[in-house]
Every structure is written in structure tokens, then in C-alpha cells.
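Protein chains: 4
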Amino acid sequence: LSLLSVTAVSDLLASNASAQAHSQPGPGKTLKPQDLVPVKVPPMHHPTEKNDGPPPTPIAPVKRIGYALVGLGKLTIAEILPAFGSCKFSKVVALVSGDADKAGNLARQYGVDPASIYNYENFDNIKNNPEVDVVYIVLPNSMHKEFVLRSARAGKEVLCEKPMTTNSKDAQQMIDACKTAGKKLMIAYRIQYEPNNRMVRSWVRDNKYGKVRLIESTNVQNAGDARQWRLNKALAGGGSLPDIGLYSINTARFLLGEEPEWVSATTYSTPGDDRFKEVEETVLFQMRFPSGVLLNSSCSYGVHDSKRYRVFADKGGWYGMDPAYTYNGLKMEVSHAEGKIEWKENPSLTEKDQFALEMDHMSLCVLENKPVHTPGEEGLQDQVIMEALYESARIGKPVTLRKISGIDVFRGPEPAELNG
Amino acid sequence: LSLLSVTAVSDLLASNASAQAHSQPGPGKTLKPQDLVPVKVPPMHHPTEKNDGPPPTPIAPVKRIGYALVGLGKLTIAEILPAFGSCKFSKVVALVSGDADKAGNLARQYGVDPASIYNYENFDNIKNNPEVDVVYIVLPNSMHKEFVLRSARAGKEVLCEKPMTTNSKDAQQMIDACKTAGKKLMIAYRIQYEPNNRMVRSWVRDNKYGKVRLIESTNVQNAGDARQWRLNKALAGGGSLPDIGLYSINTARFLLGEEPEWVSATTYSTPGDDRFKEVEETVLFQMRFPSGVLLNSSCSYGVHDSKRYRVFADKGGWYGMDPAYTYNGLKMEVSHAEGKIEWKENPSLTEKDQFALEMDHMSLCVLENKPVHTPGEEGLQDQVIMEALYESARIGKPVTLRKISGIDVFRGPEPAELNG
Amino acid sequence: LSLLSVTAVSDLLASNASAQAHSQPGPGKTLKPQDLVPVKVPPMHHPTEKNDGPPPTPIAPVKRIGYALVGLGKLTIAEILPAFGSCKFSKVVALVSGDADKAGNLARQYGVDPASIYNYENFDNIKNNPEVDVVYIVLPNSMHKEFVLRSARAGKEVLCEKPMTTNSKDAQQMIDACKTAGKKLMIAYRIQYEPNNRMVRSWVRDNKYGKVRLIESTNVQNAGDARQWRLNKALAGGGSLPDIGLYSINTARFLLGEEPEWVSATTYSTPGDDRFKEVEETVLFQMRFPSGVLLNSSCSYGVHDSKRYRVFADKGGWYGMDPAYTYNGLKMEVSHAEGKIEWKENPSLTEKDQFALEMDHMSLCVLENKPVHTPGEEGLQDQVIMEALYESARIGKPVTLRKISGIDVFRGPEPAELNG
Amino acid sequence: LSLLSVTAVSDLLASNASAQAHSQPGPGKTLKPQDLVPVKVPPMHHPTEKNDGPPPTPIAPVKRIGYALVGLGKLTIAEILPAFGSCKFSKVVALVSGDADKAGNLARQYGVDPASIYNYENFDNIKNNPEVDVVYIVLPNSMHKEFVLRSARAGKEVLCEKPMTTNSKDAQQMIDACKTAGKKLMIAYRIQYEPNNRMVRSWVRDNKYGKVRLIESTNVQNAGDARQWRLNKALAGGGSLPDIGLYSINTARFLLGEEPEWVSATTYSTPGDDRFKEVEETVLFQMRFPSGVLLNSSCSYGVHDSKRYRVFADKGGWYGMDPAYTYNGLKMEVSHAEGKIEWKENPSLTEKDQFALEMDHMSLCVLENKPVHTPGEEGLQDQVIMEALYESARIGKPVTLRKISGIDVFRGPEPAELNG
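Residue numbers (the working numbering), protein chains in the order written: chain A, 10 to 429; chain B, 10 to 429; chain C, 10 to 429; chain D, 10 to 429.
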């Protein structure tokens, strides 16, 4: 793996050896040392210049983990399918859609075997397709549960888009089903695999500029066609909160590693706006974490796009991202005082495809039979919090949550491949 | 006035003529045409380049409105006294302080006659000082009321720092006292006289990029010495809310021209932080305006400085300021979509001293005997809102406010000198 | 092609039909209508929001143009090989290297048939490999000529990295050889296929903010290992000028469409810096174009990385890029005056892989048998200019060039696929 | 002085004591300790926050150094007269103009005694005006010499705008005349007294990010009215070079402390543009300093305003200002690499009025009888360099300058009041 040290690579290989016994991904997918050694390139630039690290080291296509994509909406077509071109451990091998023409067209475009196209009825046949290691569920929210259960039953590992589902009860059933089937369940929280956000998290954890006391997070965009599934309560489960407000919740939890003690929310929809007949337009919400950190957050489907967060510390600095949460163009920002100077800083890392990073984490966990970093339990906790937020908005009062101690309690081990 | 057209100048002079009969500022303060005509400078730069307008046109020092400054704290020393150097219609002629040494030192530095130094006991003698036209009250919040009343009784016009006072009842008494005395009362909301903020307001009112649906505003800083009056409940009346959260409230009201229907707030102070034994550290607050606009806001005394707001519209754009609310270095920001392009823009105006603009507005109103733009009623309304916010935090529920229709109902006429 | 209108697609297909007769790319590479129709996605965002256009529409892998990469240095490994993952019309099918181990490793990583690995001796056998449509030459500069000639002789289309070669005489021979062989020769000027730069060019051509009078362009970086081929005169032909100064020359020519009348240069190398024993460290150079536009430019191998250009117009505005020329993170900047406001603007387009855009242009030209946009003649002209710059530095005087009238005289037709 | 430590203040006072014996500024202008002690303000902000230093400590108006302004053009009216409002040691006491009406109007605006208005004929009577300590010459360039000589003869200290004059011979005579008269001669290089530029200089001198190898500097603007004196050869001496290109020359010399070994220039004026019938529009120029640093620079009167410089170092960083050279809104920028991160940084200092800083330096030197930091010799050296640049443009070759060793050889002692 391009970012691992040599030791880590051998560790990985050692763990692979035993891992294969348990997980048995598709035939021929046993990693060997040469699969993981990056090609050396000479030091073209001076050592004081930015170091982009070794070049990407994909493993051979035949050894990559095979994905079936369920649901061929905009996210799949415009982001996920193109992202396989940047994957090192993952490839697309099957498509599942209710629209055979669309599936056929995309299969041709991306070189998927027409025999590996499924519809929602015959999806269960996928169990007989040895090319498929992982099913990636990219359906409307209320359909996630059914397909997670069917995927687990088909003996496949599962990657499920966020929000995990529309309620906490279903989320628990999804976790249980995968556990029973002995299959991994990862929720597609790409922010947690994205290097800029991980750097911000390291600053939080290292008390850069003191302890954090306040986080502000905004995720707003302007919904289009009133008939899209995101605006349909039965399909989406809610409006801006589960779709984009969720980023603020999940990212605050990820940065701090803590779980909120109480939450509070207000919802609002512009009267007469036909996009918001079923689901809410805007939610303003707050929560407090055990260390005393407050989160203040806004999400909306009714205004021009803006996605950002700022983390305020108590010893002369703050930092964050603007834009945050977007598929590309992320930018970190830092401000701190130093004597008579106020520094505004934008550190930048070379941009990586976020969907590729996320899928490759899943693939490595499958190849090595390791637990994923963002399992179903991580998604369940967000469902619990969103239910409490809606309850708070309904009763007009803050809602207290069950006390949860410890740090990162719903997360699996750190994704070692991202810590280089 | 440098920014007025020739017609406006003659209008002004006409109105001055009658105004003098009523207001009679100090002797010799009758404006004549030549006092107001800017010196012409040749067009050094191409007409397509930025036009900084005519140079400043101060009136003769002898004709400028004379100010007594009451309270010689940091704001007076570091901002207001130096700002007279940028004033066109205002001069400092008296100082009022409990510290005779400090007053003497500053009087020497700024050329104030030692005979025009007062203390809090003999302050009422100021009525005999014809050089003093306006008393500018820069004391701890809870002392504002007493000195507004004494100033009005002394027959002086009054400029009072924000927050106007610590409760709405006192605010009403201050308004009444000035009305009875036939004296102007202006609250020092410098944001409302600052050109960048006025430009943002014009965008709101003109529906640039559609109608506004959401405003976010943040005003946080890190308090120092635990013994300062701002952290003393009896002197300050509250913590971060009345001092800096007030900017978010007042600016949102100023931008929209509307008054909130309901407000909601949560307060928090870090346990064991000895700065926050009496007053609150942090307030997260929300409000909704009649047109449906939501405000989400944070203020805090416990984290690194950040002051900004963003106004989100529903047709492809948002705009705001970051930093906002600071004494200098204000920067506007705009984002809007145009086909495949997302534009991020920073328009800039040549920076002006904000305290000078504010004092010069007061002085022009005195010279012309016109109503001020931000009278006591504007300050009272903020007191009403802050009381409701504290009540909301106390009961853990939103608080509904008395319905107020109309636009800019608590404001005086537009400051014509700022509309060029 | 995803960005073409339906009419353009049918035009393209019509031209394809006849094109195939002449160019005959690999068997089965005849485009059909369904190869080019993007999958429709519903309008998720409001029409006033940024429009990212239709999703990418790759053609089926079997139909994509096959590339042999000659030279497996850092550019190939870290940029070009990964870029195939973002290509819509191009795939890698062969590798050519003097290092069999490296070639074998990369072939495994990218799924290249081991039988399609060549070395510099047996390279000519590539003529028997029907999978290879295009040879992409990524070797040290002085080796370009030999491999262009051998590729043409092998009956392959040629894409050659910049600088084309080390002198204008060789450049002419390369052009002649491809012409004789009836093969395309494209120079890899990725800037000319990059959407941000193309937008800046459209502003120049449209006289945005008036006529351009001045361009400043900087391309500096800090060279590493003194033994690398870029610092070897025999391999590189020169130092910072042909490697990175070339970007300034070629981009100015591209933006304006004109050719310089005279050029002037000064070279300098820090005494005792062992990286610059053979090639120059820094060149400051100037040129004037027939319309009177001046270019002032710096390139250096001795300082911290900075790549940018600014185009100055004569009616209230300038625009450019900072950074420019980098592989990613490009950012446009605009400044213009409007009354009392100076606007600083950063328009952004969704980032695209620049190597993929460039290779896909070559592939489309092969599929359609159309002339490339940046043929050998475009590269030859840069060689002529660089020779004049070195001559100017040698004699300490400006050097006049042969007068060339017309616009874009060395370029092929506009890349239609980039004009959507 | 507000920025001096207590020790420095006593040093200053000690030196004042003896200084008064020699320089004898106007009666009553002897500084006493209490004149210089800033008023204490309590630590309102946390010690980790930005420290703006003590508030300004002006000395009593009666003790401030009195200025006569010669020439009432745009710079005087729009910048210098308003700047006295921000001065701590300087006041305007006399005006000299050929336009009596304008002088009268401005005298009234700024409270100047009508008896202290002079014209160019009776200017020499200023010797009898004890209020005038310093004559500040803000006339067209070719008139500087005459008025420096007449001012020195009148027994006044002299502050002269840049460029010092139109040729090096005159510059030498101006130096000689002031020396003979025992009067100070300071050239108004405001950049050398401006805190941001001084911070950049400290980075250069401290080898921040290694040794500097390259500086780029741009100063372009778009001239207006073709009849203005700046476009008249007899009055201005040249076009964009002496007016704005001079900033690049002087700032590079200031940053490095070195003097150029050779210079090279190209000039150009757009044919038919009636602004450039007498003076040049654009100059591209280069120079090399003894340490090997290269300067590449552009100045122009024909394009949209842009003023900036960037200093490139050889160990992972560069820094500079964009905008630079402007009267306000200066912004520093820094870029440096750190592992996988490229940092872009904007440090900011609280903005100060640049003309006030410059005049206050002159005033302090008069009050203390100390040598000025930018004496006539500093201006003469720029004249020598500009003559060489014009010569280079004329002959089409670089011009070698007399070798000058040492650092800051043409400058007086550091301005101690700016080093806090």
C-alpha cells in the first residue's frame, strides 16, 4: 500500500496470510509482496519541497475486490463508477438496477460483463457470481435495509451509503443480519477516509491551539426537481437532515471521538414551496458533547450551496474546512495569533478521489479480513441522534441521549493505509 | 459632504438654515457652502479604474461638533480618541473619568483643555461648557442609564455605546428622558454606518441571488483578565451575548429590516473557568423573521477570535463578511453559480474609520437637526430580544415576541452622507 | 462525447464513418451512436446552481484507443498511468522501458499484457502489436526524436511529451517523418486542453476588460538530485527553460494566438551549486507580440515552487491563474474595478485530470481521423523561440524572429469535445 | 513612543536632552517623560490572542513638529492632509500652492492659519515662520530640486517625495545643499517605514526558508487624463519607471540591503495612445545583486492596477505581498512546504496609516536630532539606477553599475520606533 512503511507492509502480508483463511475473497485474490511494493521514482524535487509520497500502487486488476453497485442514480453514475479508475484495490464487476437499458449502457461504458447485470427481482442470484465480493448499496434511503439483508443472505460483504436507513430499529436489524451472516457491514462515511478531514481530526486530538470548545458546521444546498426521491418522505425518510445535516453530525463525532449528551433542533419549510411538502427544508440544530464542546449547525435544501465547518479552540486558534463535505475542491483553513500577527492559513494536500479511498478501505478490510473503520454501529448511532433531533423539533425542547463513555466507541480500527 | 451631489449639498444647506434655529449647536457652527465643497483633484487614473470618490472634506475645526467622552477604557483610548483624527464634523473637547491622572494624560495627548476634564461627581457641570455639543457614553453597560439621564438633564445630545443598557425597562427610561429634554439619543451601532455592511444590506434588499432564507452569524473571542468589568454581572449585565452576540442580532435586523417573531437560545459556561463565574461564556441562538428568514448564531467569550456572517439566498448565491464586526480589515465575500462555474468573490471598498463615520453621522444630525439613524428605540428593541433569549435559555423553549410589522420601524432616516 | 450536442454527435459519427476508412484504428474500434450517449441523471439541484454537465461517458474498453508508453519515469508512473483511470477514449496496452523489472511490476499493476512489454532494442516489434494505436513518448528530451521516428516507421500515431526535442532542426525532421509515414504527431501541451486555461484564453480573445497589453508568467521549482537527467545537458538539452519556462512561452502563444516578434533573455546559475554545472538554473525572459502585448517571464530550478500567470488588460481588469501549470489544484483569479469597488474573484470549474483530457483528445482524433490541436508544428515553433532566447542570453541583446502573421497558425482545429 | 520599551524611552529622552541643543525645533517642543508614556489599558483579551500593543500615544499638539506642505495635488489632498489625523508627532501648519483658492479652502478644512499660506513666489518667507519645522515637498518631480534648495536656504528640514528628482546630478546638488545648510533631507520612501514590508525584510535578512535567489515585482496602473503632469516629460522626467517602477527598485534594495551590479530594461509604448507621446508606458527590467539575487520587474501606466512582489528562497518557501505598494489594504503572503502539505499563509498586522508613519519618523528625527533612515543618498542611488535602466533600454544591452559593497550603505539608522 503506497503509504505504508515497509514494516507495515510485511505486517499486512502476515495478517493477510491468516486472513485469507477466513474471508476467502474471490479466487486468485491472495496478495503477494510484489503486489504491494511501489515502483521507485528518483527524487526530482529538492527535499525541502512538498513530498507527494510514492506513486499509487494498484494491485493487479485480477486481484482487486469486485463490487456490485446497487442503484444507478446520479451518485453512482457521476461519482462512484468514475472513481473505480482511481482505485487500487477495487473494481466494478456487476450492476443492479430497475432500468435495464441504463444498466446495459453503463455496463458497456465501464466494461462490466452483461451477464453481471441484475434487477431488483433477480438480485439474489448474485450469490452465484464469484466475481462479486462486495455489494455497494446506493439506493434511496428506505431501500437500504432490504438490500443489506438480501446481500448478507447472498453471502456478500456490504458497503451501504449514508444515511444507513430511516430509523434506528432498521439499522439494528441490518447490523444483526450481517453479523449473523458473518459478513462485514460498512457505512460509506467518506469524510472519515478523506485526508484533509483526518488531518483536522489529528489537530483536535492533539489539542492544537488548546482544547476545542465550539464547532460550527453548515451544509446547505438548493434542491431541484420536486419529484426526486430525496424530497419523498417514504423514500428518503426526511429532508435535509438525513441527507446533508448528517455530515455535520457525523463529522463532529468523528473529530471529537465523543457522543453527544443532548441535542436540540428547529425545523422549517418555506410555506408554498412545493419541494417541501413532505420533507423539511431547513434544520438548525445544536448538541453538547461530554467534554463540553458545543456544536451549532445548519442544514438546508433551500439555499445556495455552502458546506463548511470551523473548530474553535481556546488557546489562540481555530481551524476547519471551507468548502468541506464536497466531492472535490476541499480546502482546509487555519487561523491563529502570534504576537502582533494574525495568521490565516490554507494548508493543502494533493487531492484524492474520496470514493476511491472509501472503497479501497473496504477492499483492504476484505483482503485482510480486518474490521472496517465505520461499521453499521457508526451508522446506527447517527440514526439515534437524528431521531432525537426530530423529537426535539417536535416537542420544542432539547432531548437528552443515553450517556456513552469512551472515545471512538462505534468505530473500528484506524485505516492504517491512510496514516502514512 | 464629500459624497453628496451638488443638489444634495444645497438641500442640506437649506435644511441647515432652519435647523440652526432649533438645535443651536455651539456658537459659530453654522455651515456655509464653502464648508462643504470638496477640493477638485484631476482624474489621475483611467475611468475604468476604481473610483475612490472625492477626497475627504472636513469642515473647519472651529465649526465641528464638540464631544465629551465619558469613560476612558480601552475602547475610548485605542479606538475613539484616535478616530477623531479621521472625523470631518466631530472633535473631542472634553473628557470624563474617575481617574484624574489618566484623563490629564489623554487630554494633553489629544489637545483637550484641562478645564474640560470632569469626574463622575462633577460631571453635571458640563452643562456650562458650551464647547460640548454631544456626550458620548463609553462606560460599563450598567452605568449607561445614569449618564444618559444626567447628560440629557445637562442639555446635551447623547451618543451611547451598545448595548444600550442591561434591561428593557431602563432603555425605555433613557428614551423618555432624552425626549423630555428635547435631546437626541443615538446608540453607537457602528455596523449600520459602515459601507461594507451597508452594501450587503443593499444586496439583501435588492434580492441579489434571490430571496434570503438563512443567515448565519458568529461572534466569538477569548476573554482575558477575569477581573475585567465585562465579566462582572453587575456592571455588564451579561456575558458574551450583550457584548458580542448583540452584533449578530442587530446586524440581522439591520440587513433584513424585519423584527424576529420568536427566538431560542442555549447558554453554556465551561465548569471551573473562573472567567465565567458570573456571566455566560457561550450562547447558541436562533430566531425567525416574518418573511421566514432564519438566523443561526453563536457567540462566545471562550475561544479564538472569529467574527463573520453569511447570508444565504435561494437563487444561486450567498454573500456576507469574514471578518465582520471587527474594527478594521473587514472583508466581503460572495459566492454564486454561473453555468459550470462557481464564483468566489471578494469585493473591497477603501477602508474607512468606523468610529469616525458613526460620530460624524451624529454630528451631521446635530448640525442639521435631523433624526439619527439608530435612535434609542433601536437599542431598546435589542434589549427586548436579549431578554427573550435569556428567558428561552432559562426555560429550555423558544420564546415568541410581540408581532412587529413594517420595515426599519425602529430606525431613523437613512444617513444620506453614506449613500454616495 | 459527453459535452457535445446531439447534432455534434451525429456529425461526429458521420465523420467517423468516413474516418474509419482512412485511419483504421484497432479492430472493433468503430464508434456507434450508443457509445456516445450519456446516461441521463435527474436534475437533483436547482437550475440556479452550478451545472456540472452530464456525467462522463466513456466508450467501451474494447473500443478505446490503445497506448504504448515509452519511458517509465516519474511522470509516467505518478501521472500518466493513473490518468488512464479517468480516460473515456484511451487505455494503456503496452509499456516500453529499459528496466524490465519496473516494466513488469507496472504491467501487473495496470493490467498490461506481459507480452506487450518492450525494451529500447526490440521496440520496433511494436509494429506487430495491433492493440497499440498510439505511442506516447515520455523519455528524456534528447531521445524524443529517435522514438518519434521509430514509432512512425512502425506505423503508429505519436504523442510526444514537451519539449518536443532539443533543437529546431530535429523538430522539423520529426514532423517530416510522421508526415511521410501518414501518421499524426501531437505534442503533449496539456495546458491547451485544460478547461481553466481555455476559459482564460476565451477572455483574452473576447477582450474581457479590454485589450491585453502585458502578460506575466512565472514557473519556478527547486530541483532535487543533481544526477537526474533533467540536469544533464546531453539528455535535457537545457535547464529550466525547456522544461518549465516553456510553459510560459507556450501558454502566452496559446492565449494570444500570436507569435513573438522579438525575444530577450538573461540566464543565471548560482556559482558552486552542483545541480547547475551543465544546465542553467534561472532564465528571465521577455518577448513582444505583433499586437504589442509584452510577456515578462521567469523560470528557475533553484527556488521554492511557484507557477502562475497574470494577463493585464487595458480597461479595468486583469485575470490569470495562481497556481497555473500544476498537475492539479489550478485556480483562476480575476480582478476588476466597478465604481468604488475592486472585485477579486476566483471562478472555479470542477477539476479534470489533465493527462486524461490530453490523451482523450489524441484518441478522438485517431477515432475520427481528424488533425490534432497541437501538432509537431506547434512544438517546432517553441524550439525556434527557445533557440532565440538562448542566443539572446549569449549575445546580451534581443533577437528578432521571422514575422508570422495570422492567428493560431501552428495549431489544428479546436478540440470540439472541450467546447461544451 | 508607543512601541518602545521603557529602557528605549529613557534612552530616547536622554538623547533628546542633548539633541535639543543642536536641532532646536520650534519653541516648547522639548519632550518630557510624560509625553511619551502610553496610557495603560487592562488585558481585555486572552494572552494567546493577537496583541495589538499599547494604544497610540500622541504627544501634545503644541509639541508636535510643524509641517509646510508644498504642492496641493491629489496625493496631498487625498492622503497626506488626512494622514495628520493619525500622526503622533506631526501636524500641518502651512500650505504652499500656486492656487490661492485651493490653499484657502484646504487651510480652512484642516485648521491652518491663513497667514501660513504661501505661493511659489513668496515661499522663501517661510523662513520667518517659527511654526514650520519641516517642509514636505509634494510637487511634480522636476520641481523638487528648486524647492529643496529654497527650503534648506530657509533653514527648514526637508522631506521630499519620491522620485527625489529627474536625474542624479540634481540629486547630488540637493544633498549638498541640505548638508551645507545643516538641515536633514529625507526622501519619502513610505515602504521602508511600513510594518508589513519591514516584516518581509526581516524574513529576507533572517534567511527564512533559505537564501533568496529571485524577486519578482510588479507595479502597474492605468493612467487617466493625458494632460496630467505625470505624462509630461518636462515635469515628470519619465513615465511609469520613475513613478511606480521605482517602488520595485527601492523595495528590492531595501529588502536585500544590497546594490545592483547590473541592470537591463526594455521600454514600450502603445502606438497611437496619446497618453504616451512623451513618456514611456511600460518598462520590463531586470537586475542582479552581488549575492546573486535576480530581480525581474514590470511597470506600466497602461493596464489595470496590480502591485505585488514575491521573494523566492531556496529552501522550501517564498513570501511577499499582494497587494504591495498600495496606500492601504496591503496583504502579506507566504507559501512553504512541510512534508505532504503546502501551506499558503496570509499573516496580517493591524493596518497603520503609511504617510503618518513616514512623517512621524521625520518628526522624531527632528525632535531627537537623529539621522533619518532614508536620506538623500538613498534617493540618489535610485536616480543612478534609473538612469542606467533608461540607458540599457536605449542601447539594447545590460548596463553595469559601480560596485558597492556593504549592507544598507545609503540608509540611516533603523527607525527605532518601528521595531517594537
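Even for Gly, the Cβ is constructed at its ideal location relative to N, Cα and C.
Quick caveat, the model's predicted, so the values are computed rather than measured.
Nearest-angstrom Cα separation, counted from residue j out to residue i
i, j, result
"TYR334 (chain A)", "VAL50 (chain B)", "51 angstroms"
"VAL221 (chain D)", "PHE321 (chain A)", "36 angstroms"
"PRO6 (chain C)", "SER300 (chain D)", "Residue 6 (chain C) lies beyond the residue range present for chain C, which begins at 10 and ends at 429; the question has no answer from this structure."
"ALA103 (chain A)", "ASN259 (chain A)", "30 angstroms"
"ILE86 (chain D)", "VAL147 (chain D)", "10 angstroms"
"GLN237 (chain D)", "PRO149 (chain D)", "10 angstroms"
Residue i (DSSP reduced to helix, strand or coil)
i, result
"GLU354 (chain D)", "strand"
"SER32 (chain C)", "Low confidence applies to SER32 (chain C): its pLDDT is 41, below 50, so where it sits in the model is not reliable enough to give any reading."
"PRO65 (chain B)", "coil"
"PRO123 (chain C)", "helix"
"PHE294 (chain C)", "strand"
"VAL157 (chain A)", "helix"
"ARG411 (chain C)", "coil"
"ILE416 (chain B)", "coil"
"GLN363 (chain C)", "helix"
"ALA346 (chain B)", "strand"
"GLY311 (chain A)", "strand"
Buried versus exposed call for residue i [16 or more other C-beta atoms within 10 Å across all chains shown]
i, result
"ASP179 (chain C)", "buried"
"PRO67 (chain B)", "buried"
"GLU166 (chain B)", "buried"
"LYS171 (chain B)", "buried"
"LYS286 (chain A)", "exposed"
"GLN390 (chain D)", "buried"
"LYS412 (chain A)", "exposed"
"PRO139 (chain D)", "exposed"
"ASP283 (chain D)", "exposed"
"ASP108 (chain C)", "exposed"
"PRO56 (chain D)", "exposed"
Identified DSSP bridge partners for residue i
i, result
"GLY75 (chain B)", "B:LYS100"
"PHE321 (chain D)", "D:LEU223 and D:TRP327"
"PRO384 (chain B)", "B:MET195"
"VAL105 (chain C)", "C:VAL79 and C:TYR127"
"ALA232 (chain D)", "B:HIS54"
Chain G contact residues for residue i, given Cβ-Cβ distances below 9 angstroms
i, result
"HIS313 (chain C)", "Note that chain G does not occur in the displayed structure, where the protein chains are A, B, C and D."
>> Below 8 angstroms, how does it come out for the segment 368–377 of chain D and the segment 391–407 of chain D: are there three or more Cβ pairs, yes or no?
In response: Taking 8 angstroms as the limit for Cβ pairs, the verdict is that the segment 391–407 of chain D does not touch the segment 368–377 of chain D.
>> Under 8 angstroms, with one C-beta from each stretch per pair, do the segment 124–131 of chain D and the segment 207–221 of chain D reach the 3-pair mark?
In response: no
> For the segment 92–99 of chain D against the segment 88–96 of chain B, are there 3 or more C-beta pairs whose distance is under 8 angstroms?
Replying inline: yes
>> Between the segment 246–258 of chain A and the segment 68–75 of chain C, can you find at least three pairs of beta-carbon atoms closer than 8 angstroms?
In response: no
> Quick check: the segment 300–310 of chain D against the segment 262–274 of chain D, are there 3 or more CB pairs under 8 angstroms?
Replying inline: At 8 angstroms Cβ cutoff, the stretches touch.
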